[in-house]
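Numbering (the numbering used here), first residue to last: 53 to 615.
Glycine included, C-beta positions come from ideal geometry on N, C-alpha and C.
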Ligand code: ATP
Ligand code: MG
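Rendered as structure tokens:
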């Protein structure tokens, strides 16, 4: 169908990968099929960079009516774990993608990859080398100086085959032998200088157990897996551009199906580290509470923080696909979640840094149910009742003993409106004589000014949120700041640890109160606490102890509060 599609029907803007694919479809390459894959190594939890790759691979397949496989690249038995496999499945599904029955493991192909290696030996294109890893590295040369040929390079095909089979049988010790491709020790591309294809590892593999004691290198596995699965467009990050000639060489010499590798720039985000090794270190050394700590850039961390799959998919779309390395401002990610939650999140009132406010002329024991709007962005969301009584909590920052001229909230003698309720006037306040902290604010209300029925025509400049002291639920509220203080945490001088850039104030725990309609909330429920931001019920939250994470502040109101 696509061949007949007039150009003006193609949706713009098209990223450069989609442009290549559309060209391939037009030319009937691979029978105009589009088949991609997401190939994580199960050695850590997925992060926002992987999310970009997931959205790109699954999104591209969906856009062109193709397929996308989930393939675990589990060629290294020493670092991989089923714990990671499970979390990767969960995260990809949560993001909204489905690989149907196409879940594969590189280890499923170990026998086939082994046969590929024998084939190259038999073609005289691979040899068993007895040099140590250090010697091989030393003899590799430099980009400007050719490498040295291994003394084992010219072993006969029979000897190589025999040695390689005995490597498989476990006759040699780890590190004593490797299988290398026989390409060109003088190639300007270092990856073409007789790269290692197989090494001996007596490790237990999470799927194949002790069946194997030789394992293919990533470079001898990845392209072959793509080929076996009939992947048409093998999308990967830029660092593999220089590996491409090697992958193409293997595919050509093995005479197998040739996927097309297309590289794009990996996602970097300001104030964030993305290397799995560093994220693992933050977890293991207790700098964060775990892989799903809401400050982590992991998908699990973002989920617990209150991010939605839609917001992450939208972020991935907005940033597009780049050919050159770049860094995306983390505020763009925050923008995406604000946009999404603005439409979806129910509004609630909560006070995170409470001070008591007493309405002296309000009848003792009286309770009024005020009408509150659930979400002004969603006309179908309706209203709810919020109890109002003589004693309330308001935000400590909403009161100033000696207000500046720009302060339009509560101050002695000043008037404000309590949202959904009355206009009140501050008559006096009580101060702790020792600490100087305000402990109670005393106000009067004007009963004629009930919100919605106010005929008084009185204008006040500030509107405050509140909760009724008697009715509110106590809650722990966790406020997050960036995990790192510097925009590029890994940009440190030599000898300086990137962890010196950790922000000591990235988590602030508050004891606050929330309106009673929140009772019964479950982890991952999302709210907007009016004027304070978007919040999400934490996974540790229980009926007995409510815990909320602030996903992100409401930019505008927050800026005002900070003034
Ligand atoms: P490591 O940090 O161990 O090198 P990795 O980040 O490459 O690992 P993989 O599990 O190999 O992790 O990644 C799976 C896929 O996700 C790969 O195709 C990789 O290109 C892609 N990917 C990883 N990090 C990013 C990133 N920051 N931006 C875009 N894609 C990424
Ligand atoms: Mg990788």
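- Distances between the C-beta of residue 319 and the heavy atoms of the ligand ATP include at least one below 7 Å.
- Three or more beta-carbon pairs separated by less than 8 Å link the stretch 254 to 263 to the stretch 128 to 136, which places the two stretches in contact.
- When secondary structure is reduced to three states using DSSP, residue 308 falls in the coil class, being assigned neither helix nor strand.
- Within the same chain, Cβ atoms closer than 6 Å to the Cβ of residue 368 are found at 104, 107, the five residues on either side in sequence being excluded.
- Per DSSP, the beta-bridge partners of residue 406 are 447.
- Counted as a single uninterrupted DSSP element, the stretch harbouring residue 494 is not any alpha helix (DSSP H) but the beta strand (DSSP E) occupying residues 490 to 498.
- For residue 473, there is no enclosing beta strand (DSSP E), as DSSP gives it neither H nor E.
- The C-beta distance from residue 494 to residue 480 rounds to 5 Å, short enough to meet the 8 Å contact threshold.
- Around the beta carbon of residue 434, fewer than 16 other beta carbons lie within 10 angstroms, which makes this residue exposed.
- By the Cβ rule, the stretch 397 to 407 counts as touching the stretch 581 to 597, because three or more pairs are nearer than 8 Å.
- For the ligand ATP, a non-hydrogen atom lies closer than 7 Å to the CB of residue 326.
- Here residue 410 is not near residue 468, since their CB atoms are 8 Å or more apart.
- Of 152, 576, 422, 179, the smallest CA-CA separation from residue 474 is found for 422.
- Per DSSP, residue 603 lies in no alpha helix (DSSP H) segment; the continuous beta strand (DSSP E) that holds it begins and ends at 598 to 604.
- In the DSSP assignment, residue 194 is bridged to 197.
- With a cutoff of 8 Å on beta-carbon distance, residue 309 and residue 282 are scored as near each other.
- Here residue 558 has 347, 532, 533, 534, 535 as same chain residues with Cβ atoms under 7 Å from its own Cβ, once five neighbours each way along the sequence are excluded.
- Spatial neighbours of residue 606 in its own chain (CB-CB distance under 6 Å, excluding positions within 5 residues in sequence) are listed in chain order as 585.
- For residue 105, the shortest C-beta to heavy atom distance toward the ligand ATP is below 7 Å.
- Between residue 182 and residue 229, the CB-CB gap stays under 8 Å.
- Taking C-beta atoms under 8 Å as the contact rule, residue 266 and residue 248 fail to qualify, at a distance of about 11 Å.
- The three-state reading of DSSP puts residue 520 in strand, counting E and B together.
- Under the three-state reduction of DSSP, residue 334 is assigned to helix.
- In the displayed model, residue 99 falls within a strand according to three-state DSSP.
- Rounded to the nearest angstrom, the Cβ distance from residue 370 to residue 384 is 7 Å, consistent with a contact under 8 Å.
- Bounds of the beta strand (DSSP E) holding residue 585 are 585 to 589.
- The bridge partners DSSP lists for residue 328 come to none.
- Spanning the alpha carbons of residue 280 and residue 307 requires a straight line of approximately 12 Å.
- If you draw a straight line from the Cα of residue 158 to the Cα of residue 95, it comes to about 14 Å.
- In the DSSP annotation of this structure, residue 416 is not part of any alpha helix (DSSP H), being labelled neither H nor E.
- According to the DSSP assignment, residue 267 belongs to the beta strand (DSSP E) that extends over 266 to 268.
- Closest option to residue 141, judged by alpha-carbon separation, among 174, 117, 91: 91.
- Nearest Cα to residue 243 within the set 295, 194, 154: 295.
- Look at residue 350 here: in three-state DSSP terms it is strand.
- Taking a contact as a CB-CB distance under 8 Å, the pair residue 321 and residue 380 counts as one, their CB atoms being some 5 Å apart.
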